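Here the structure is laid out as structure tokens; the discussion comes afterwards.
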Amino acid sequence: MDPLCRGAGTPGHRIAVLHKVYAEALDRMRERANARIDAALRKWSDPE
0 MDPLCRGAGT PGHRIAVLHK VYAEALDRMR ERANARIDAA LRKWSDPE
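Structural data, given as structure tokens:
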């Protein structure tokens with residue numbers, strides 16, 4: 000299950016816990032997106 004859904008769906012979590020879960024998940028999502036963008040740009044700028 001996606002950490003965003005898991006953290007948001009757990010009753011009783013404090014704001015600090017939710018923030019930590021969301022912040023970590025968003026960081027991972029951003030890193031994956033940036034890696035995909037970098038790969039696409041490398042492929043586009045260096046056609047074989």
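So for the sequence shown, numbering that gives the first Met the number 0 puts the first residue at 0; every next one is plus one. Ideal Cβ placement from N, Cα and C applies to all residues, glycine included. Since the structure is predicted, the reported quantities are computational estimates derived from the model, not experimental observations.
{"Check": "DSSP three-state assignment for R13, whether helix, strand or coil", "Outcome": "coil"}
{"Check": "Under the three-state DSSP convention, the category D26 falls into", "Outcome": "helix"}
{"Check": "Alpha carbon of W43 to alpha carbon of D26, nearest angstrom", "Outcome": "26 Å"}
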